[in-house]
Amino acid sequence: MARISNIISNATNKVVDYALVKPLNKLSTAPGMARVRKEYCNKNMNFINGIGIASIVLKDGLGCYMYVNQSLHNEKIPDDKRKFVAALDLANGGLMIAMQILMHLTISNKLMQSKMFNKLYGKYFNRSVTKGYQAILKNHDKYKGMTNKEFTDAMGVIRGKAVEAFSNITSLAAATIIGKRVIVPFIATPLADKTKAWMCRNDKPAEISSETKNTYCCEKHNHKKDEDETQKKA
Amino acid sequence: MKVEKISLNSYGNMPRSKDSGGTKLYANRALNTNFTGGIPQADLVKDIQQLMPKTIKATNRLADSMGEIQNIIINAVGTGLVAPIFIKYNPLSKTDEDTRTYSAWRQPLSAVLAIATQASMVAPFNNLINWMANTGKLPDPYNKTNFQDDKYIAKIIKKTQPNLSKEQLGVAVKKEQERQYKELLENLRNQNTIFIKQHKMPSKPMDEASYKNLLLETVDSMIKEDNKKLENCGTTKQKRAIRSEFFRKHNDYAKQVMSGIQKDTEKYATLDEYRNYLSGKIKSLKSEQADQELISMVKEIQDRAQIKPHDENAEKALIKEVQNKITKMLKQVNTYSNILSEEDVVKHVDESIQTSKSALEKSISTLNEIKTKLNTPDSISIKEIEKQIAQKLKEGNITDECSIKTSFATKVIEKYKSNIEGSLKGYKQFTGLVISLAVLPVSCYLLNWIYPSFMDALFPNLSNKKHDNEASALVAKAPKKEEV
Numbered sequence: 000m001a002r003i004s005n006i007i008s009n010a011t012n013k014v015v016d017y018a019l020v021k022p023l024n025k026l027s028t029a030p031g032m033a034r035v036r037k038e039y040c041n042k043n044m045n046f047i048n049g050i051g052i053a054s055i056v057l058k059d060g061l062g063c064y065m066y067v068n069q070s071l072h073n074e075k076i077p078d079d080k081r082k083f084v085a086a087l088d089l090a091n092g093g094l095m096i097a098m099q100i101l102m103h104l105t106i107s108n109k110l111m112q113s114k115m116f117n118k119l120y121g122k123y124f125n126r127s128v129t130k131g132y133q134a135i136l137k138n139h140d141k142y143k144g145m146t147n148k149e150f151t152d153a154m155g156v157i158r159g160k161a162v163e164a165f166s167n168i169t170s171l172a173a174a175t176i177i178g179k180r181v182i183v184p185f186i187a188t189p190l191a192d193k194t195k196a197w198m199c200r201n202d203k204p205a206e207i208s209s210e211t212k213n214t215y216c217c218e219k220h221n222h223k224k225d226e227d228e229t230q231k232k233a
Numbered sequence: 000m001k002v003e004k005i006s007l008n009s010y011g012n013m014p015r016s017k018d019s020g021g022t023k024l025y026a027n028r029a030l031n032t033n034f035t036g037g038i039p040q041a042d043l044v045k046d047i048q049q050l051m052p053k054t055i056k057a058t059n060r061l062a063d064s065m066g067e068i069q070n071i072i073i074n075a076v077g078t079g080l081v082a083p084i085f086i087k088y089n090p091l092s093k094t095d096e097d098t099r100t101y102s103a104w105r106q107p108l109s110a111v112l113a114i115a116t117q118a119s120m121v122a123p124f125n126n127l128i129n130w131m132a133n134t135g136k137l138p139d140p141y142n143k144t145n146f147q148d149d150k151y152i153a154k155i156i157k158k159t160q161p162n163l164s165k166e167q168l169g170v171a172v173k174k175e176q177e178r179q180y181k182e183l184l185e186n187l188r189n190q191n192t193i194f195i196k197q198h199k200m201p202s203k204p205m206d207e208a209s210y211k212n213l214l215l216e217t218v219d220s221m222i223k224e225d226n227k228k229l230e231n232c233g234t235t236k237q238k239r240a241i242r243s244e245f246f247r248k249h250n251d252y253a254k255q256v257m258s259g260i261q262k263d264t265e266k267y268a269t270l271d272e273y274r275n276y277l278s279g280k281i282k283s284l285k286s287e288q289a290d291q292e293l294i295s296m297v298k299e300i301q302d303r304a305q306i307k308p309h310d311e312n313a314e315k316a317l318i319k320e321v322q323n324k325i326t327k328m329l330k331q332v333n334t335y336s337n338i339l340s341e342e343d344v345v346k347h348v349d350e351s352i353q354t355s356k357s358a359l360e361k362s363i364s365t366l367n368e369i370k371t372k373l374n375t376p377d378s379i380s381i382k383e384i385e386k387q388i389a390q391k392l393k394e395g396n397i398t399d400e401c402s403i404k405t406s407f408a409t410k411v412i413e414k415y416k417s418n419i420e421g422s423l424k425g426y427k428q429f430t431g432l433v434i435s436l437a438v439l440p441v442s443c444y445l446l447n448w449i450y451p452s453f454m455d456a457l458f459p460n461l462s463n464k465k466h467d468n469e470a471s472a473l474v475a476k477a478p479k480k481e482e483v
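If you read the protein sequences in the order shown, they are chains E and B.
Here numbering that gives the first Met the number 0 is used: position 28 in the first sequence is 27, and no number is missing along the way.
Here numbering that gives the first Met the number 0 is used: position 216 in the second sequence is 215, and no number is missing along the way.
Shown next as structure tokens:
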């Protein structure tokens, strides 16, 4: 029994080694990784945030292509809605990419970042507060001999980390939530109407499925229809 | 995944010294001797963070783990929660509401699928990368064997000593991390190199070019640090000049207010009382339209009192700090009671700034000298660098803020650690991106497959299909043959 489990464990380790460890090792030395490493080591926030945004933009680009393609050929989506869904995907995709790059360029700006950080987090790092922390630590035996320099260096590390996370989150949130999900839909939905019209320019008039129950302002439409008929009669 | 057994007492695969005929182990002579590295920064950072508000703790935890998974989650929050609202309630769209509602429902589904497919694939890869870095299975720039993670060390200790309690395990992990730190420090000082342990291979010294580069990067970061402080001297000078001028102009008033605060707070025993008193004082000063400089002085005292202490000792320490600050401020006010003109104030401020300015300049020039020596073909060792710095410190006039005040070897370790952590972060982000892109077609396919069925099942009115029960209700309602 023990022998069998040993054989299985050895085989699993070999599979992990060949299928995951070795490819990951290769990937760690892939072209471009030296640049990525250098920028991450130097904590170049513009580059780090840019990589995050690039990742989302790349996925959006590929996703947009696939969604449009699939939506157009998805027979499960009703005929009368298929082109609008696809058009919305196309308009969304293009605008999302542009808007995310734009938001990244503005929000990740060093001056903007430092202003936002100081406004929200500045109070936790002002000199008076840090002096308070230092006084508490000095009260412990472990830190009796702590120098000012050691303390300020450690505070610098904490501040640096906070700046890094803040910059990352604000940049991503601005791009993916505000830019992509608030601003883009406002522009994309009307644009989708136009895209759909362009996509349907050569189509015969589409028949709306008799089972689709349109709840959109039905009363208003009926009322208008009645009014028109009365006017005609008159 | 297999966790290999590593002896915690000694690394059997330590390299053999060349100068001792290949018999002496580096590890044997390096440990626990002449340890003068000061307080390990990682410990200090952890303990300071414990004192800070939860917001900072959470933000810093995020900084450690920020990567592709966080990207996916933030993106999914926008997709799932925000996008549907702006699609459905868009006043600019001319498309009917049903179609918009139909499209809006796609977003939360897409968000759930993105997390389920992409994040669930990236997370195990991140764990695998961490494991590879801790065991030395990755190339040198990602090798964490010299400062392994808490979790990894705990896992190894648990394997050899399964009966340890949680507290004992914590102590053992800390001890092992301290051992690794001391070993790094001693190897830097005595062997002038960093030994990198590799999986199932003997440790090897870091290659010369990378080591030299690490030292140069350390010196550069120290110069940058000092230059930044030198630039800040200008702002400090301006701030000090404004306050000093206030002390000169309104000396009696400032003295009266500060003595009043000192007298009033003498009777307080808790930090809460201090807080209440100081916020009341600020309010009353504001209503009296007192000078802004005086208000900000009281605010500086209040900021110290605002910290929430975790125990009685911390509270006592903070109260003492508040009292010291009040005394210090009174002393400052008194200093300026004899200075009569504005020129004298400027001269006084200049003198106080000049000391730190010249100290920083001296620190920068020392570092530049070291940089030049490092760039020569002979180069210099860490021991020699530390000797040169010690000499400069002996000459005097180097203030606490100068970067050369911290041991150079410690600075090299900090840089080495931050380089490896940075490299790993970048690598994880890159791998995450590759995995997410690879999984994306699956997410798209799943969405396209699930979305229409989901809408058919839950919102038959929006799609063309009706629920079975709705369909049967319609059939029941339909006129029967006999009725026609």
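Cβ coordinates follow ideal geometry from the N, Cα and C atoms, glycine included.
Distance cutoff 9 Å, beta carbons only. Does residue i sit that close to anything in chain E?
i: B:Met120; result: no
i: B:Met131; result: yes
i: B:Phe85; result: yes
i: B:Asp149; result: no
i: B:Ser286; result: no
i: B:Ile156; result: no
Counting only the same chain and skipping the five closest in sequence on each side, list residues whose C-beta sits under 7 Å from that of residue i.
i: B:Ala29; result: Note that B:Ala29 has pLDDT 34, beneath the 50 cutoff, so the model's placement of it is unreliable and no number is given.
i: B:Pro308; result: Leu270, Glu314, Leu317
i: B:Ser357; result: Asn396
i: B:Ser220; result: Lys414
Taking 9 Å as the cut-off, decide whether the C-beta atoms of residue i and residue j are in contact.
i: E:Tyr64; j: E:Gly92; result: yes
i: B:Ser435; j: B:Val121; result: yes
i: B:Asn89; j: B:Arg99; result: yes
i: B:Val256; j: B:Val218; result: no
i: B:Ile222; j: B:Asn367; result: yes
i: B:Leu359; j: B:Lys228; result: yes
i: E:Arg70; j: B:Pro140; result: A small correction: the amino acid at residue 70 of chain E is Ser; Arg does not occupy that position in the sequence shown. No, they are not a contact pair.
For residue i, name the three-state secondary structure that DSSP assigns.
i: B:Ile195; result: strand
i: B:Lys266; result: coil
i: E:Pro30; result: coil
i: B:Met51; result: coil
i: B:Ser378; result: coil
i: B:Lys203; result: strand
i: E:His139; result: coil
i: B:Ala389; result: helix
i: B:Ser442; result: helix
i: E:Met95; result: helix
i: B:Gly66; result: coil
Closest to residue i by C-alpha separation, out of the options, would be which residue?
i: E:Asn138; options: B:Ile47, B:Thr405, B:Thr334, B:Leu284; result: B:Ile47
i: B:Ile419; options: B:Gln179, B:Pro451, B:Lys143; result: B:Lys143
i: E:Arg158; options: E:Phe116, E:Gly131, E:Leu71, E:Ile176; result: E:Phe116
i: B:Lys382; options: B:Thr375, B:Lys393, B:Ile369, B:Pro376; result: B:Ile369
i: B:Asp95; options: E:Phe83, E:Ala90, E:Leu94, E:Met98; result: E:Phe83
i: B:Asn191; options: B:Lys93, B:Ala408, B:Thr326, B:Pro140; result: B:Ala408
i: B:Phe245; options: B:Lys404, B:Ala82, B:Met328; result: B:Met328
i: E:Lys179; options: E:Arg34, E:Tyr17, E:Ile100; result: E:Ile100
i: E:Asp140; options: B:Lys266, B:Ile38, B:Thr264, B:Glu272; result: B:Ile38
i: E:Gly51; options: E:Gly31, E:His103, E:Asn12; result: E:His103
Residues in the same chain with beta-carbon distance under 8 Å from residue i, minus the five sequence neighbours each way, listed in chain order, please.
i: B:Arg303; result: Leu317, Glu320, Val321, Lys324
i: B:Ala113; result: Ile71, Asn74, Ala75, Thr78, Ser442
i: B:Ala240; result: Val344, Val345, Val348
i: E:Lys126; result: According to the sequence displayed, residue 126 of chain E carries Arg and not Lys. Hits under 8 Å: none found.
Of all the CB atoms in chain B, is at least one closer than 9 Å to the CB of residue i?
i: E:Ala97; result: no
i: E:Ala10; result: no
i: E:Pro30; result: no
i: E:Thr146; result: yes
i: E:Lys122; result: yes
i: E:Gly93; result: no
i: E:Ile168; result: yes
i: E:Asn45; result: no
i: E:Ser127; result: yes
Can we count residue i as close to the ligand ADP, meaning its CB is less than 8 Å from some heavy atom?
i: E:Leu136; result: You won't find the ligand ADP in this model; it holds no ligand whatsoever.
So, at 6 Å on beta carbons, what are the nonlocal neighbours of residue i in its own chain, with the 5 sequence-adjacent residues on each side left out?
i: B:Ser378; result: none
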